[in-house]
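Everything below concerns the one structure shown next.
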Amino acid sequence: MTKFQILLPELMKAFVDEQVAKGGYGSVSEYLQELIFQDQYRKGQVNDDQFEVVADWLIEEFAACIGANLPVLSDNAVTRESIYEDRP
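Residues are numbered in the working numbering as their position in the sequence shown, beginning at 1, plus a constant of 55.
See below:
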């Protein structure tokens with residue numbers, strides 16, 4: 056990744072810090088990356104390669120948050136049909 060420095064007024068910095076704290080972002084960098092990606096997506100400027108990079112990054116972040124001890128769900132746990140099955 057490339058380092059990028061910006062200057063913000065105090066009120067904007069306070070807002071960003073609040074969004075990071077409330078939104079579950081690990082850092083200001085993650086918050087800004089998400090905002091930029093959303094803007095690119097809205098403007099139709101996200102190609103398949105960029106989408107894959109972001110998807111891979113999200114998978115890594117998710118895996119880091121849940122840890123290695125997450126139980127594997129059975130196929131029944133994730134199918135629509137299993138919702139309506141009778142259970143003992």
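Cβ atoms here follow ideal geometry from the backbone N, Cα and C, with glycine treated the same way.
Subject >> First through last residue of the alpha helix (DSSP H) which encompasses MET67 >> reply: 65-78
**OP:** Determine the direct distance from the alpha carbon of VAL83 to that of LEU90, and round the result to whole angstroms.
**Re:** 11 Å
**OP:** Give the secondary structure of PHE106 by DSSP, where H, G and I count as helix, E and B as strand, and everything else as coil.
**Re:** helix
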